[in-house]
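Under our numbering, the first residue of the sequence shown carries the number -17, and numbering increases by one thereafter. Idealized CB from N, CA, C, for every residue including glycine. Since we're looking at a predicted model, the values are computed, not measured. Take a look at the structure set out below.
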Amino acid sequence: MPRLPAARVLRYSPRDVMRITPIIASTMLSDGGTTYAVVPKPLWQKVTPPDEYNRIRHHARSWLVELDDGRRGLLDTGCGPADFFSEKERALHGLGPGWPLMEALARLGIAPEQIEFVVLSHLHWDHVGGASRFLPGGGRVPAFPRAQHFVSRMEWEDATSGDPLFYKAYPQAILEPLRAHPELLRLVDDAAPDILPGIQLVRSSGHTRGHSVVVLRSERLELVDEAGGCGPAAREAVLASDVCPTRHHLRMVFQLSYDTYPLDTRRWKRAWLPRLAQERAVLLFDHDPEFYGGTIRPDEKLEFAFDVAWPVAGSPS
-17 MPRLPAARVL RYSPRDVMRI TPIIASTMLS DGGTTYAVVP KPLWQKVTPP DEYNRIRHHA
43 RSWLVELDDG RRGLLDTGCG PADFFSEKER ALHGLGPGWP LMEALARLGI APEQIEFVVL
103 SHLHWDHVGG ASRFLPGGGR VPAFPRAQHF VSRMEWEDAT SGDPLFYKAY PQAILEPLRA
163 HPELLRLVDD AAPDILPGIQ LVRSSGHTRG HSVVVLRSER LELVDEAGGC GPAAREAVLA
223 SDVCPTRHHL RMVFQLSYDT YPLDTRRWKR AWLPRLAQER AVLLFDHDPE FYGGTIRPDE
283 KLEFAFDVAW PVAGSPS
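Encoded structure:
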C-alpha cells in the first residue's frame, strides 16, 4: 500500500462564523470502574450511580461543524448502527436501536454525501464506528463517501499495526473501509496541526499515543443544539474527547482505565485546563450524558468546575 498523504498544511485563519451542533451519535452503558480507573467506587458512585451490573450511562457524541464558506463536517462519529454489533455486544454496552447519528443528520436536512470532512480524535470503536456503513450485499464502505477523514498519523499507524498489545482496542473491520479508500484519508503530523481554516487537530497522547483534541477558533462560535439550547459565547472551543470525556474528569486523577499513557492525560489537563479557564474557551465533552460542555473556572474542592454550563435538553441535571 502506498504511503498515505499527510494533511495539507493550511495557514491558520479564524473563520468569521462557525456553527457547532452536538449530536448524540450513540447511547451506551460503560463499566464504572473503567470509567474512573484509580478512583474508588464509593467516591464515583456518588456522582454517577451505576446499575446492577456496575454500568453508568454515557453518550457517544458527534459534532456537526458548519463553516461560513458552506462546508459541513463532523467531529467523531460515535459507535455506528446497532446492526454492527451482536446481540451480546448490544446488551453488554447498552447500545440503543437504530443509527442515531444518521437519524439526527436527516432531521437537520443533511445527507451523508453533504459531509465534506470528518475529524477523528482517535480510532476506538465508539468514536470511529459511525464512519462506515454496511452494504446491502455485505461488506462495509465509508459512510461519508465525499468526506476527507483527518486523524493523527501516529494514531493511524498504531491502529493498523496489528500489534497484539492493543488487544481489541482497534477493530479492523471498522477501519477497513478507510484503508480501502486512501483517497479519503488525511494523516495529520504533529508539526502541521492546522487541517482546515479555524480547525486544528492537536495530539494530546494520554488515552492513546496518537489521541488528539480538536481546537475550533472563530470570530464568533455559534453553539446550538437541536432543541434550540445555546452554549456559552466564545471564540474558541476544544473537544477534549477521551482525555476529559465528562465533567467529572476535570479532576486530574479522574481518568479512564483504558488510557495507555495515563500520565500524559494528567499532563494535558495540567497544561490545558488552566488556559481554557483563563481564556473562557468552551470545553466540549464526548461522553457526558447531561452536559455538552461549558466554560470552566478553578475550584478549590473539585480543581475545576463549570462557570457557564451547556446542559443536554431533558437531562436530569
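For this session: Return the first residue and the last residue of the beta strand (DSSP E) that Ile177 is part of.
Result: Within the sequence shown, numbered from 1, the residue matching residue 177 stands at position 195. It spans 176 to 178 - the beta strand (DSSP E) in which Ile177 sits, taken as one unbroken run.
Exercise. Relative to the alpha-carbon of Arg128, which residue among Ile156, Leu160, Thr142, Lys70 has its alpha-carbon at the smallest distance?
Worked result: Indexing the sequence shown from 1 puts residue 128 at position 146. Residue Leu160 is the option with its Cα nearest to Arg128.
Exercise. Considering Gln237, what are the terminal residues of the alpha helix (DSSP H) in which it resides?
Worked result: Translated into the one-based positions of the sequence shown, residue 237 becomes position 255. Note, Gln237: premise wrong, no alpha helix (DSSP H); not H, not E.
For this session: Could you give the DSSP three-state label for Phe99: helix, strand or coil?
Result: Working through the sequence shown from its first residue, we reach residue 99 at position 117. Strand.
For this session: Determine contact between the segment 48 to 67 and the segment 276 to 286, defined as no fewer than three beta-carbon pairs at a distance below 8 Å.
Result: no
Problem set entry | Cβ-based burial, Glu95 [other Cβ within 10 Å; buried from 16] | For the purposes of this step, residue 95 is taken as the residue at position 113 of the sequence shown. Glu95 should be labelled exposed.
For this session: Closer than 8 Å by C-beta to Leu157: which residues in its own chain qualify, once you throw out the five before and the five after it? Chain order, please.
Result: Here the question's residue 157 lines up with position 175 in the sequence shown. Here the set comprises Leu105, Val110, Ala141, Thr142.
For this session: Report back the beta-carbon spacing between Glu285 and Leu203 to the nearest angstrom; my notes put them in contact at under 8 Å.
Result: Taking the first residue of the sequence shown as 1, we reach residue 285 at position 303. Taking the first residue of the sequence shown as 1, we reach residue 203 at position 221. The Cβ separation is near 25 Å, so there is no contact.
For this session: Take every Cβ of the segment 172 to 183, pair it with every Cβ of the segment 258 to 268, and state whether three or more of those distances are shorter than 8 Å.
Result: no
For this session: Decide if Pro22 is buried, meaning its Cβ has at least 16 other Cβ atoms within 10 Å, or exposed.
Result: Indexing the sequence shown from 1 puts residue 22 at position 40. Exposed, since its Cβ has fewer than 16 Cβ neighbours within 10 Å.
For this session: Verify whether the separation of the beta carbon atoms of Ala86 and Ile181 is less than 9 Å.
Result: Along the sequence shown, one-based indexing puts residue 86 at 104. Along the sequence shown, one-based indexing puts residue 181 at 199. Cβ distance not < 9 Å, so Ala86 and Ile181 don't count as in contact.
Problem set entry | Beta-carbon gap between Met136 and Arg191 smaller than 9 Å | By 1-based counting over the sequence shown, the position of residue 136 is 154. By 1-based counting over the sequence shown, the position of residue 191 is 209. For Met136 and Arg191, yes; Cβs fall inside 9 Å.
Exercise. Does DSSP put Pro(-13) in a helix, in a strand, or in coil?
Worked result: To locate residue -13, count along the sequence shown from 1; it is residue 5. Low confidence applies to Pro(-13): its pLDDT is 41, below 50, so where it sits in the model is not reliable enough to give any reading.
For this session: Label Phe148 either buried or exposed according to how many other C-beta atoms from any shown protein chain fall within 10 Å of its C-beta, with 16 as the threshold for buried.
Result: Sequence index remark: in the sequence shown, residue 148 carries index 166 (1-based). Answer is exposed; the Cβ neighbour count stays below 16.
Exercise. Can the beta-carbon of Pro227 be found closer than 9 Å to that of Asp270?
Worked result: Residue mapping note: residue 227 aligns to position 245 of the sequence shown, counting from 1. Residue mapping note: residue 270 aligns to position 288 of the sequence shown, counting from 1. In contact: Pro227 and Asp270 (Cβ atoms closer than 9 Å).
Problem set entry | Cβ-Cβ distance between Arg185 and His193 below 9 Å | Here the question's residue 185 lines up with position 203 in the sequence shown. Here the question's residue 193 lines up with position 211 in the sequence shown. Contact: yes.
Problem set entry | Bridge partners - Cys226, DSSP secondary structure assignment | Locating residue 226 in the sequence shown gives position 244, counting from the first residue. None; Cys226 has no bridge partner.
Exercise. Relative to the alpha-carbon of Pro32, which residue among Leu11, Val20, His163 has its alpha-carbon at the smallest distance?
Worked result: Within the sequence shown, the letter at position 50 stands for residue 32. Among Leu11, Val20, His163, the Cα nearest to that of Pro32 is on Leu11.
Exercise. How about Ala216 and Ala263: are their beta carbons less than 9 Å apart?
Worked result: Stepping through the sequence shown from its first residue, residue 216 is reached at position 234. Stepping through the sequence shown from its first residue, residue 263 is reached at position 281. Against a cut-off of 9 Å, the Cβ pair of Ala263 and Ala216 comes out as a contact.
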